[in-house]
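Shown next, in structure tokens, is the structure this report addresses.
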Amino acid sequence: MAASLKGHKGAVLCLAVKSKRLCSGSMDGTIRVWDLDSLQCIHMLNGHTDAVKSLIVWNQYLLSCSLDQTIKVWVNTEEGNMEVTCTHEEKHGALALCLIRDAEGKPVLLCSGNNNVFCLYELPS
9 MAASLKGHKG
19 AVLCLAVKSK
29 RLCSGSMDGT
39 IRVWDLDSLQ
49 CIHMLNGHTD
59 AVKSLIVWNQ
69 YLLSCSLDQT
79 IKVWVNTEEG
89 NMEVTCTHEE
99 KHGALALCLI
109 RDAEGKPVLL
119 CSGNNNVFCL
129 YELPS
């Protein structure tokens, strides 16, 4: 093993990587952002109240979904922190996220829920 990153209080359920940052979502309801050069946690995000099931890094945003039935959009602030800029309640739960492009190349977010249905959301270009 090359390294071990410790910090979550529950099992890590999802990972997303962009550039030199690793994002991890956990059963403890937190998201941690790790610097892959130093292997240190640089942000701990506490916006969810239940397990974080899926993460996507999209442009300057981090998208997360949780068993708390929300999808959250996080962004870096000028001070270097991360904060929630949007919360969407998903009444049938939010289990997994996937980012695709439609026929015109516009970004679309797919979300799977507890009701055996996928929801599609247009994202700003």
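In this text, residue positions in the sequence shown follow the numbering used here: the first is 9, and each later residue adds one. Note that beta-carbon positions come from the ideal geometry of N, C-alpha and C, so glycine has one too.
For LYS80 and CYS22, the gap between their C-alpha atoms comes out near 15 Å.
By the criterion of a C-beta distance shorter than 6 Å, ILE108 is surrounded in its chain by VAL116, once the five residues flanking it on both sides are discounted. Remark: C-beta atoms of LYS61 and SER74 approach each other more closely than 8 Å.
Taken in chain order, the complete beta strand (DSSP E) segments of 3 residues or longer contained in the stretch 31-106 are 39-43, 48-53, 60-66, 69-74, 78-84 and 90-97. Using a 10 angstroms sphere on the CB of MET90, the tally of other CB atoms reaches 16 or more, which defines it as buried.
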